[in-house]
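Here is the structure we will look at, set down as structure tokens.
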């Protein structure tokens with residue numbers, strides 16, 4: 001955000017100094033690039049946002065559909081307003097600023113899209129092509145800026161996410177290709193599972209603040225190492241350890257793992273969110289819907305329950321069963337059918353770990369004693 005503010009200030013300097021139009025377009029391109037990087041950190045689909053605003057959703061159509069501005073100074077004031085709105089939202093997400101009662105729930109995705117429309121509009125009034133300038137700046141930056149900036153782990157590009165992509169690509173779930181997922185920090189094998197989880201507590205709290213507004217679909221935790229998911233028993237140990245640790249460190253102090261897991265209304269919760277849990281591990285055969293596609297990767301996927309609303313499979317949607325039927329058919333056609341009776345039974349905890357075989361008994365992972373510490 002500081003980088004974005006810096007670049008907007010440089011745009012102001014160009015306007016105030018009556019600099020050459022080419023220099024101004026270059027500064028506008030820097031604002032465009034930095035704000036796009038910011039959007040990527042929140043899994044923003046800008047094409048979707050532009051389409052919702054009535055503009056074209058690809059580069060050429062977007063450029064053609066946005067009119068040029070009438071007054072550059074006035075438009076820059078609008079850019080400043082957008083910068084302020086984005087800053088306010090990020091203060092809610094990343095800082096200690098709490099939303100006021102009744103304050104509208106703005107999204108960073110919408111405000112960055114509006115900022116981009118303004119940038120294109122200003123560049124068109126200067127008879128320049130913002131996107132051509134962006135391409136040139138990026139090409140130059142590839143060599144100039146390599147190694148220039150420090151590396152910080154990003155939950156949208158972490159090693160966990162890179163490994164989990166194979167699962168998302170291979171699954172028969174019709175929503176996976178467009179899902180917005182954050183991943184845990186890279187697993188350090190010399191540390192225990194609990195020590196790795198400790199590193200991610202603040203990140204998961206951050207996910208809870210961002211996810212409802214930006215429509216994030218899940219947070220995936222990776223336990224990397226052969227002993228975490230090479231057998232169904234080890235997978236059960238791992239899941240219990242992960243959920244128990246998160247429950248013990250729950251900022252909302254609900255401590256759901258200390259409650260009666262076998263009650264029909266029991267849900268796993270952390271902070272102010274309830275989650276559905278899905279596990280993927282190497283102990284499953286390759287055609288199994290829960291196979292992890294890596295002999296050392298065990299994934300625990302936390303899906304906030306509001307995500308089901310976004311995809312139309314919540315209990316209030318009349319088309320819910322039809323959508324679920326399409327999903328089941330897709331899995332069946334790909335040779336990875338799952339037990340419908342297990343899905344329909346009322347106890348949530350039974351659904352977290354799938355049995356190896358279709359007709360095997362449900363896995364009572366919560367009964368496993370943790371006898372192996374890694």
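Numbering (the UniProt record's numbering), first residue to last: 1 to 374. Ideal Cβ placement from N, Cα and C applies to all residues, glycine included.
Residue 223 sits in a strand when the DSSP states are folded into three classes. In this structure, residue 239 lies away from residue 274, with their beta-carbon atoms at least 9 Å apart. In the three-state DSSP reduction, residue 273 falls in the strand class (E or B). For residue 212, the enclosing alpha helix (DSSP H) begins and ends at 193-214. In this chain, the alpha helix (DSSP H) harbouring residue 76 covers 72-94.
Judged by beta-carbon spacing, residue 93 lies beyond the 9 Å limit of residue 3, meaning their Cβ atoms are not closer than that value. Residue 279 carries a strand assignment under DSSP once its states are collapsed to helix, strand and coil. Only residues of its own chain outside the window of five on either side were considered, and among them 155, 181, 182, 183, 220 have a CB closer than 8 Å to the CB of residue 161, listed in chain order.
With respect to residue 31, residue 79 sits close: the two C-beta atoms are nearer than 9 Å. Cβ-Cβ distances below 6 Å link residue 346 to 264 in the same chain, with the five nearest sequence neighbours on each side left out; the list follows chain order. By the Cβ rule, the stretch 231-246 counts as touching the stretch 188-202, because three or more pairs are nearer than 8 Å. In the three-state reduction of the DSSP assignment, residue 66 falls in the coil class.
Distances from the alpha-carbon of residue 231 to those of 98, 24, 355, 26 put 355 closest. For the set 72, 98, 65, 222, the Cα lying nearest the Cα of residue 187 is the one of 222.
In the three-state scheme derived from DSSP, where H, G and I count as helix and E and B as strand, residue 136 is classed as helix.
With contacts defined as CB atoms closer than 9 Å, residue 211 and residue 266 fail to qualify as a contacting pair.
A check of alpha carbon separations from residue 207 across 21, 43, 8 identifies 43 as the nearest. Assigned with DSSP and collapsed to three states, residue 171 falls in coil, not helix or strand. Distance from residue 236 to residue 353 at the Cβ level is roughly 6 Å; contact confirmed, criterion being Cβ atoms closer than 8 Å. Of the candidates 6, 283, 53, the residue whose Cα lies closest to the Cα of residue 35 is 6. Looking at the DSSP output, residue 304 shares a beta bridge with 275.
If you check the CB distance, residue 277 and residue 302 come in under 9 Å.
At the C-beta level, residue 304 and residue 217 come within 9 Å of one another. Exposed is the label assigned to residue 340, since fewer than 16 other Cβ atoms lie within 10 Å of its Cβ. With 16 or more neighbouring CB atoms inside 10 Å of its own CB, residue 163 falls in the buried class.
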